[in-house]
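*Asks:* Sharing a structure with you now.
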Amino acid sequence: MEMIPSSLAGAVRAPKSADFAEGVAISASILCLIHCLALPLLLAGSPWLSHALALPFDMHLWIVLIAGPVSAWLLLTAARHQRIGVFIAGLAGLGALVLALLLPVPEPVETAMSTLGSLMLAGAHVANWLARHGPGQRCA
38 MEMIPSSLAG
48 AVRAPKSADF
58 AEGVAISASI
68 LCLIHCLALP
78 LLLAGSPWLS
88 HALALPFDMH
98 LWIVLIAGPV
108 SAWLLLTAAR
118 HQRIGVFIAG
128 LAGLGALVLA
138 LLLPVPEPVE
148 TAMSTLGSLM
158 LAGAHVANWL
168 ARHGPGQRCA
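If you're matching positions, the sequence shown starts at 38 in the working numbering and goes up one per residue.
Next up, the structure:
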């Protein structure tokens, strides 16, 4: 097996699986923002849609159960590469999403917590991706 010279180590791209997972995580965060912000406005403007688009509460649980492990894996990767700020921001965002799901808070508070969590998580994923692909990158 051929070893990569240390002078080329910074030129090694991150694994495709990490790029794909990061893209999925960023897309999921954007969809969450659309769901949290645009859907309530759409439903307020067209109340008949609330019956046509009735989404079960369990949907939020399943989204967190699926997105949580993927995000945790990517955040742990960031922490292993000394991107502690990315790790903390992502962990706080993921925590806000979980708390919004579990705490008995009024709907506006839940929306605010979910929106903030989604923004923090998306920002952490973007920062992690940029750190892996920017100048002086390290293999992810």
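Note that CB positions come from ideal geometry on N, CA and C, so glycine has one too.
Just so you know, these numbers come straight off a predicted model, no measurement behind them.
Please go through the same chain and pick out, in chain order, the residues whose beta-carbon is closer than 8 Å to the beta-carbon of M38, but skip the five residues on each side of it.
*Replies:* Residue mapping note: residue 38 aligns to position 1 of the sequence shown, counting from 1. Any reading at M38 needs caution, since the residue's pLDDT is 41, under 50, leaving its predicted position unreliable; the model's value is listed next. Excluding its 5 nearest sequence neighbours in each direction, M38 has no C-beta neighbour in its own chain below 8 Å.
*Asks:* Buried or exposed: where does E59 fall if 16 or more other Cβ atoms within 10 Å of its Cβ makes it buried?
*Replies:* As a first step, residue 59 must be located in the sequence shown, where it is residue number 22. The residue is buried, with at least 16 neighbouring Cβ atoms inside 10 Å.
*Asks:* With DSSP collapsed to three states, give me the class of S54.
*Replies:* As a working mapping, residue 54 is identified with position 17 in the sequence shown. Three-state DSSP puts S54 in a helix.
*Asks:* Could you tell me which whole alpha helix (DSSP H) segments of length 4 or greater appear in the stretch 97-165?
*Replies:* If only uninterrupted alpha helix (DSSP H) runs of at least 4 residues are considered, those enclosed by the stretch 97-165 are 121-139.
*Asks:* Between which residues of its own chain and V123 is the CB-CB distance below 6 Å, once the five residues before and five after are set aside?
*Replies:* On the sequence shown, residue 123 is found 86 positions in, with the first residue counted as 1. Correct list, in chain order: A115, A161, A164 and N165.
*Asks:* Going by C-alpha distance, which of D56, A62, W99 and S54 is nearest L156?
*Replies:* As a first step, residue 156 is located in the sequence shown; it is residue number 119 there, counting from the start. Cα-wise, what sits closest to L156 is A62.
*Asks:* Taking the Cβ atom as the reference point for each residue, do L139 and M150 lie within a distance shorter than 8 Å?
*Replies:* Within the sequence shown, the letter at position 102 stands for residue 139. Within the sequence shown, the letter at position 113 stands for residue 150. No. Outside cutoff.
*Asks:* Work out the CA separation of R120 and L167 for me, nearest whole Å.
*Replies:* Position 130 of the sequence shown, counted from the first residue, corresponds to residue 167. Position 83 of the sequence shown, counted from the first residue, corresponds to residue 120. Roughly 11 Å separates the two Cα atoms.
*Asks:* Per DSSP, what kind of secondary structure is S83 in: helix, strand or coil?
*Replies:* Taking the first residue of the sequence shown as 1, we reach residue 83 at position 46. The answer is coil: DSSP assigns S83 none of H, G, I, E or B.
*Asks:* Might you give, ordered along the chain, the residues of its own chain that have their beta carbon closer than 6 Å to the beta carbon of L127, omitting 5 neighbours on each side?
*Replies:* Position 90 of the sequence shown, counted from the start, is the residue given in the question as residue 127. Position check: residue 127 holds Gly in this sequence, whereas Leu was assumed. Hits under 6 Å: L112, L158 and A161.
*Asks:* Verify whether the separation of the beta carbon atoms of A104 and A65 is less than 8 Å.
*Replies:* For the purposes of this step, residue 104 is taken as residue 67 along the sequence shown, with counting starting at 1. For the purposes of this step, residue 65 is taken as residue 28 along the sequence shown, with counting starting at 1. Yes, Cβ-Cβ distance for A104 and A65 is below 8 Å.
*Asks:* On the three-state DSSP scale, how would you describe G60?
*Replies:* Translated into the one-based positions of the sequence shown, residue 60 becomes position 23. Note: G60 maps to helix in three-state DSSP.
*Asks:* Rounding to the nearest angstrom, what Cα-Cα distance links G132 and P84 in this structure?
*Replies:* Here residue 132 corresponds to residue number 95 of the sequence shown, with the count starting at 1. Here residue 84 corresponds to residue number 47 of the sequence shown, with the count starting at 1. So the two alpha carbons sit approximately 32 Å from each other.
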